[in-house]
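J.:
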Amino acid sequence: MVENQDDYSRTFRGAALAARLRRLSERLDRDGTRAYLAHGVQFEQRWYGLLRQLISNGPMSVGEIAAALQISHASVSEARRSLENAGIIASVTSSEDGRRKTLSLTSAGIELCGRLSALWETFNAAAQELNDEAGDVVGLLDRLDDALASRSMYDRIMDRVAPVND
């Protein structure tokens with residue numbers, strides 16, 4: 035393991051947990067983007083989860099995708115807008131509820147997903163290799179996720195500080 039005293043995230047260990055996770059996420063996304071570009075594809079890594087849901091389940095609402103991925107409605111909406119602008123998905127506003135949009139793949143989206151399926155299998159294999167090399171970090175992330183579900187970071191912080199009086 036390479037240790038750099040100037041590396042804030044490593045120096046502060048658990049105290050820099052969020053910074054470390056953000057950095058690793060950015061690094062993985064950056065490498066993913068480079069791999070797509072090397073295959074001649076303009077593709078944003080944040081699109082993958084949304085597309086996987088549509089491939090697996092067919093048309094879905096933004097809320098259903100957010101619930102399935104356990105991410106914010108706002109994150110899915112932002113990805114939806116960029117996917118629509120790229121012509122990969124289309125959305126139809128519900129006649130019963132004007133706030134609800136049902137998303138589906140366009141013909142260009144279906145073609146793109148078919149073209150990317152082999153590359154996605156390679157991504158998955160590389161991710162599994164990395165996880166194995168790192169000693170099952172996904173298992174540790176599951177434990178972190180469960181710990182946060184049990185008691186949020188907010189609650190952990192608030193238990194340690196006095197409330198601010200207005």
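If you want the numbering used here, it's the position in the sequence shown, counting the first as 1, plus 34. Every residue gets a Cβ at the ideal spot worked out from N, C-alpha and C, and that includes glycine. Values in this document were obtained by computation on a predicted structure and should not be read as measured data.
1. Check T140 in the structure and name its three-state DSSP category.
2. Using the Cα positions of C147 and L153, report the straight-line distance between them to the nearest angstrom.
3. Are at least three pairs of beta-carbons, each pair with one atom in the region 87-100 and one in the region 136-151, less than 8 Å apart?
4. Looking only at DSSP bridge pairs, what is T67 linked to?
5. Round the Cβ separation of W81 and L117 to the nearest angstrom and send it over; I've been treating them as touching at under 8 Å.
6. Quick check: the Cα distance between V171 and N165, rounded to an integer number of angstroms?
7. Could you give the first and the last residue of the continuous alpha helix (DSSP H) run that contains A183?
8. Heavy atom of the ligand ZN less than 8 Å from the Cβ of A152, yes or no?
9. Do the CB positions of G83 and F157 come within less than 9 Å of each other?
10. Which residue or residues does DSSP assign as beta-bridge partners of A124?
11. In three-state terms, what does DSSP make of S111?
12. Measuring CA to CA, which of I122, G121 and Q87 is closest to I105?
13. Starting from Q87, trace the alpha helix (DSSP H) in both directions and tell me its first and last residue.
14. First and last residue of the alpha helix (DSSP H) that includes S43?
15. Among S43, D179, G48 and A69, whose alpha-carbon lies nearest the alpha-carbon of A160?
T.: Based on what the coordinates show:
1. coil
2. 10 Å
3. yes
4. In the DSSP output, where bridge partners are listed per residue, T67 has none listed.
5. 6 Å
6. 6 Å
7. V171 to S184
8. Because no ligand of any kind appears in the structure shown, any question about the ligand ZN cannot be addressed here.
9. no
10. S138
11. helix
12. Q87
13. W81 to N91
14. Y42 to T45
15. A69
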